[in-house]
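Trainee:
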Amino acid sequence: MGVGCDSGVVLPDLSRHALDVAPLLVGCRLQAGPVTVRLVEVEAYEGGADPASHAYRGRTARNAVMFGPSGHLYVYLLHGSVCCNVVCGPEGVATAVLLRAGEVEAGQDLARERRLVRRASPLTDRDLARGPGNLCRALGITSADNGADLLGGGGLQLLPAERRPAAVGSGPRVNVSTAADRPWRFWDAASPSVSLFKRHPRAVTG
DNA sequence: CCGGTGATCCACT
DNA sequence: GTGGATCACCGGA
0 MGVGCDSGVV
10 LPDLSRHALD
20 VAPLLVGCRL
30 QAGPVTVRLV
40 EVEAYEGGAD
50 PASHAYRGRT
60 ARNAVMFGPS
70 GHLYVYLLHG
80 SVCCNVVCGP
90 EGVATAVLLR
100 AGEVEAGQDL
110 ARERRLVRRA
120 SPLTDRDLAR
130 GPGNLCRALG
140 ITSADNGADL
150 LGGGGLQLLP
160 AERRPAAVGS
170 GPRVNVSTAA
180 DRPWRFWDAA
190 SPSVSLFKRH
200 PRAVTG
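With numbering that gives the first Met the number 0, letter number 37 in the first sequence gets 36, and the count goes up by one each step, no holes.
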């Protein structure tokens with residue numbers, strides 16, 4: 000009965016496509032030094048066939064990490080916030096999973112300190128890592144972490160779930176303007192830290 | 001709801 | 001080289 004016999008204690012095979020990996024990442028944990036977050040909400044982004052993906056129009060300086068080997072972190076800035084993805088798929092295929100929200104399991108004091116910078120209102124435990132930008136801030140992830148190897152024993156580590164969530168929900172991705180009907184968002188149905196669904200104001204299906 | 005945010009990309013000089 | 005549209009967001013009202 001070694002590690003690996005129980006599907007709840009191994010990481011998913013990240014060299015598969017994001018759509019296969021995403022639901023299995025719900026419940027896994029991301030550790031950044033003293034702060035550990037249990038992932039409760041993710042979204043799959045395919046490469047060439049997904050108009051909502053940063054890689055849809057091919058390789059650029061920004062998205063180069065997405066085309067590299069799986070298990071690395073793709074970090075970018077959006078509207079002044081840092082967001083991060085776990086790169087999936089074989090090398091050369093730009094498919095990745097956006098980490099949208101988590102529950103802070105360890106290092107809550109540090110996470111809270113980071114979140115309260117330039118913020119007036121109080122912050123509940125539920126909201127410490129709720130939302131893609133907030134999750135990165137709680138973990139201290141910056142654009143300097145773009146390309147970091149999550150399986151290489153460095154400061155950032157992806158860890159297996161202790162146990163699988165009882166139920167994983169799925170539905171359309173948040174705030175995407177194209178392919179807005181694809182149910183490629185996955186979340187732990189029991190978690191209060193899952194962010195609220197928001198449809199893009201000019202959403203187009205397809 | 002609304003405005004700020006900051007990088008990136010492309011169509012044009 | 002420059003301008004403007006775009007974007008997988010956040011916070012406060």
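For glycine and all other residues, C-beta sits at the position ideal for the given N, C-alpha and C.
Candidates H53, A105, L109: which alpha carbon is nearest N84's?
Mentor: H53
Trainee: Hey, quick one: how far does the alpha helix (DSSP H) through V203 stretch, first residue to last?
Mentor: Counting along the chain, V203 falls outside any alpha helix (DSSP H), and DSSP gives it neither H nor E.
Trainee: Less than 8 Å between the CB atoms is what I'm expecting for V81 and G132, so what's the real figure, rounded?
Mentor: 6 Å
Trainee: Considering only their Cβ atoms, is the gap separating V64 from S190 smaller than 8 Å?
Mentor: No, the Cβ-Cβ distance between S190 and V64 is not below 8 Å.
Trainee: Report yes if the CB atom of S192 is closer than 8 Å to the CB atom of E102, and no otherwise.
Mentor: yes
Trainee: Mapping the DSSP letters down to three states, classify G146 as helix, strand or coil.
Mentor: coil
Trainee: Taking the beta carbon of E209 as the centre, do at least 16 other beta carbons fall within 10 Å, making it buried, or is it exposed?
Mentor: Residue 209 is absent from the model: the chain starts at 0 and stops at 205.
Trainee: By how many angstroms is the C-alpha of R162 removed from the C-alpha of H199?
Mentor: 33 Å
Trainee: A31 and L155: beta carbons closer than 8 Å?
Mentor: yes
Trainee: So is G146 buried or exposed if we call it buried at 16+ other beta carbons inside 10 Å?
Mentor: exposed
Trainee: For a test of the three-state rule: what should DSSP assign to D12, helix, strand or coil?
Mentor: coil
Trainee: Considering only residues of the same chain and omitting the five flanking positions on each side of R125, which have a CB-CB separation below 6 Å?
Mentor: P191, S192
Trainee: Use the C-beta contact count for F66: other C-beta atoms within 10 angstroms, 16 or more gives buried, fewer gives exposed.
Mentor: buried
Trainee: Around the C-beta of F185, are 16 or more other C-beta atoms found within 10 angstroms, so that it is buried, or is it exposed?
Mentor: F185 should be labelled buried.
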